[in-house]
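One line per chain: the protein sequences are A and B, in this order.
Quick note on my numbering: the first sequence kicks off at 1 and runs consecutively.
Quick note on my numbering: the second sequence kicks off at 1001 and runs consecutively.
Have a look at the structure below, then the notes.
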Amino acid sequence: MAYVDDFPTDARIVRWNMGVAFLALGIGGLLGMVQALHRTGYFRGFVSSTDYYTVLTTHGVLLALVFTTFALCGLFTWGVTRSLDRPLPNPTFSMAWFGLMLLGSLVTAVTILGGFVESIPLSADVLYTFYAPMQAHPAFYVGLVLFIVGSWLAGVDWFRTYWQWRADNPDERIPLQTFMVLTTMLMWYISSAGVAIEVIFFLLPWSLGLIQQVDPLLTRTLFWYFGHPVVYFWLMPAYFIWYTVLPKLSGGRLFSDPLARVVFVLFLLLSTPVGFHHQYVDPGIPEGFKFIAMTNTMFLLLPSLLTAFTVVASMEHGARQRGGEGRLGWLRKLPWDEPAFAGCALAGLMFAAGGFSGMINAGMNINYLIHNTLWVPGHFHLTVGTASALTFMAAGYWLFPQITGKRLRFKSLATIQPYLWFVGMTLMSNAMHRAGLASVPRRTAEPQYDAVSFEGVVGGISEMRLQIAIGGTLLFLALVLFLIVIFGTWFSGRSADPIRVSSAIPAPLSGPEHSPKILDNLKLWTAVAILLIVLAYGLPLWALASDGLLAPGTPPIPI
Amino acid sequence: MEIHRYEKIWTVVALLLIVAFIATVTYGAVGAGVKMVDDSGGTVDPGSLGDTEFADPGVTQVGEDSYEVHVVARQFLFQPGTSEPIRVPANSEVTFYITSADVVHGFELAGTNVNTMAIPGQVAKVTVRFDEPAEYGIVCHEYCGGGHHTMAGQLVVVPEDEYNSEGS
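Okay, structure coming up:
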């Protein structure tokens, strides 16, 4: 029996969420290639340099928000229903949050795309960070609110399922996948409150003319209060796959359930009180608070380093079960020709590299060297752009047969796809990092500045541009292969042959019986998380607000 | 809770690594004296920069070898910096006061550690020593509108005697 036969309604919810996610990925990825070719000067015929920013805004919103969140909703719906072995309580409610998120995405996307057409008053060339006083059309903010509220309701749906299960199973440990979903959503509720306040109380009324000015530093601080935890909202579903599915794909089982719980608790505690590390070079914020954010950020490395251990240990265990031997010889026994495995493993490898460049970003005073240079997108294309994106694609290869009941089509395309992505990203990202060291800025349409000459520290600027252009093109090609496989599978006929994969997940080597009960005390961890946030944000937010919530203020500057 | 011996070792090493990173940054702040941009520049009303020290931005000598430079960033130029370069002498200590008259901008001397945001309402204060004559490009590294990629400028560090003979 496939998942789709056990949970037909939930399988549809998963399918639709993943379907929207992967469509957004396709469109966003196409725009990414347009940017790579435009800003390196290799082909500038798609758009003008002014419209480049409309492209960049669409790329950021579709990939960082729409793709990631819908993928998360698909994976988490699957994980909750599978691990609790019960469907979501109310299909109408599930369709309501899905519909709300979709509506919000469409409203925001249409408003941004309106920027291409002069005669349409819609425009929102404000990038994914929408810093005031750049002002988008009010519909942009309305769409964002609908989208965020939809994601909150999705969380309610998973919590309700859990509470129903708890009523029937008062003494059992929370199953690991559900534990991961709940801790992730608690982090999301705490952190997305920042952007919700920014948009609902400041930017939306200001764009409608109801208030005359906003404080750019205060709204920016609220954005980054949300803007770092959101990266864990992208990553935690990838960790969810690495912990619970990748060990099985490797041929073994998870190394340690208790450590997995510890890692997710640490993310709940530490993801939010770190936002000032995006504002290290902002005026108006005392150095001491930047220092606190820096130390919290460094400790946030711990759960990722623990994950690296568990993931590699689980893969090694799997490989040895498959007959692997020797100190490194076991690596050869891993199923490198299985796209679901290869995608996860390569994503994990690139995440290690992204982690190291992230440590440079996090190093408060070292950050001067690379702040707002091309280094930064070089970094996050390894993290969200590969650790999350490639893992979600890999999960798609494994999950789509189960949520459709159909065997994976075009298997040979799927087999090479993760490697093509890996090569494309290696070219693009290494060059972006090095260009950043040469002070080449991010978020610009032009390869050259008349008044400025950039000098590469390692390698030449023109060689970096070439690698970025080739890398961006290969990444888009890899996306096309992926979409052919996924939608080819989805829209093929269901044959009589049973599918080859199942949602069954083997028990960990060290199970929940070894993990202290206190780890499952979600109320306690939520309270500690809020306490840490009050310590990190209380005083600086008070200082920003005490001279007037809207002062020093600026009127809107429509973009 | 059972933790495998290797995992214990790994955790200890990870924690040491984290402490080492924090120590590195702390050394940079305390030992090497790398100051962060902070709130010491104060705030201004971006709507009436004409009534502040940003009314006539530019270079002012405030001590034998020390100078202040007020810079206003606006769509899509640095004032001064874009239409004429910022000129300071070599062997000088220069404190920049940077603010924005409209949206959020960036101010970076390419190839150096001088790198700050220019946020309307806030004044970024950055002190730099220029020992040698040189030319630096100034880049706005925060997206600020459709002409963002045209927003750049120059800073020229001229030899001391040349600077003095110009009488500026």
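Yeah, the Cβ is synthetic: ideal placement off N, Cα and C, and Gly gets one too.
Under the three-state reduction of DSSP output, PRO1089(B) falls in the strand class.
C-alpha of PRO401(A) to C-alpha of VAL80(A): approximately 18 Å in a straight line. By the neighbour-count criterion, in which a residue is buried when 16 or more other Cβ atoms sit within 10 angstroms of its Cβ, ASP125(A) is buried.
Chain A places no beta carbon closer than 7 Å to that of ASP1051(B), leaving this residue out of the contacts. Cβ proximity to chain A below 9 Å picks out THR1011, VAL1013, ALA1014, LEU1015, LEU1017, ILE1018, VAL1019, PHE1021, ILE1022, THR1024 from the segment 1011-1024 of chain B. Residues of the segment 426-454 of chain A whose Cβ lies closer than 9 Å to any Cβ of chain B, in chain order: ALA438, SER439, VAL440, PRO441, ARG442, ARG443, THR444, ALA445, GLU446, TYR449, ASP450, ALA451, VAL452, SER453, PHE454.
At a cut-off of 7 Å, the C-beta of VAL1157(B) has no neighbouring C-beta in chain A. Using a Cβ distance threshold of 7 Å, PRO303(A) and SER271(A) do not count as a contacting pair. A distance below 7 Å between beta-carbons, with the five flanking residues on each side excluded, links GLY150(A) to the following residues of its chain, in chain order: TRP97, LEU100, MET101, GLY104. A direct Cα-Cα distance of roughly 8 Å separates LEU544(A) from LEU217(A). When C-alpha distances from GLU198(A) are compared across VAL214(A), ALA11(A), LEU106(A), the shortest belongs to VAL214(A). LYS1125(B): member of the beta strand (DSSP E) spanning 1124-1130, first to last residue. ASP6(A) sits away from LEU88(A), with the two beta carbons spaced by 7 Å or more.
Contact annotation for ILE1119(B) against chain A: PRO216, LEU217, ARG220, ASP282, PRO283, GLY284 [CB-CB distance below 8 Å, chain order].
Proximity of THR1043(B) to chain A, defined by a Cβ-Cβ separation below 7 Å, is satisfied.
Using a Cβ-Cβ cut-off of 8 Å, TYR1067(B) is close to nothing in chain A; its nearest Cβ partner there is about 20 Å away. Between the segment 354-369 of chain A and the segment 389-398 of chain A there are fewer than three inter-stretch CB-CB distances shorter than 8 Å, so the stretches are not counted as touching. Scanning the segment 302-365 of chain A from its first residue to its last, the whole alpha helix (DSSP H) runs of 4-plus residues come out as 339-362. If you look at ARG465(A), you'll find it in the alpha helix (DSSP H) that goes 461-490. Under the Cβ criterion of 7 Å, HIS1105(B) is not counted among the residues facing chain A.
Counting the other Cβ atoms within 10 Å of the Cβ of LEU382(A) gives 16 or more, which makes it buried. Not one beta carbon of chain A lies nearer than 7 Å to the beta carbon of GLU1064(B). For GLN1061(B), the enclosing beta strand (DSSP E) begins and ends at 1059-1061. In this structure, the alpha-carbon of PRO1080(B) lies about 22 Å from that of GLU1064(B). Shown here is that no member of the segment 374-393 of chain A has a Cβ falling below 7 Å from a Cβ of chain B. For GLY459(A), no CB of chain B lies under 7 Å from its own CB, so it is not counted at the interface with that chain. Shortest Cα-Cα distance from ALA11(A) to any of GLY288(A), TRP490(A), LEU532(A), VAL181(A) involves TRP490(A). The beta-carbon of VAL1128(B) is placed no less than 7 Å from the nearest beta-carbon of chain A. Cα atoms of ILE148(A) and GLY326(A): separation of roughly 49 Å, rounded to the nearest angstrom. By the neighbour-count criterion, in which a residue is buried when 16 or more other Cβ atoms sit within 10 angstroms of its Cβ, VAL117(A) is exposed.
In the DSSP assignment, ILE370(A) falls outside any alpha helix (DSSP H) and carries neither an H nor an E. Our two residues, ALA347(A) and GLU1093(B), have alpha carbons roughly 47 Å apart in a direct line.
Of the candidates SER49(A), LEU113(A), ILE190(A), SER49(A) places its Cα closest to the Cα of GLY1146(B).
Against ALA1152(B), the close residues of chain A are TYR449, ASP450, ALA451, VAL452, in the order they occur along the chain (beta-carbon pairs closer than 9 Å).
ALA1110(B) has its alpha-carbon roughly 26 Å from the corresponding atom of PHE1021(B).
The Cβ-Cβ distance between TRP525(A) and LEU268(A) falls below 7 Å.
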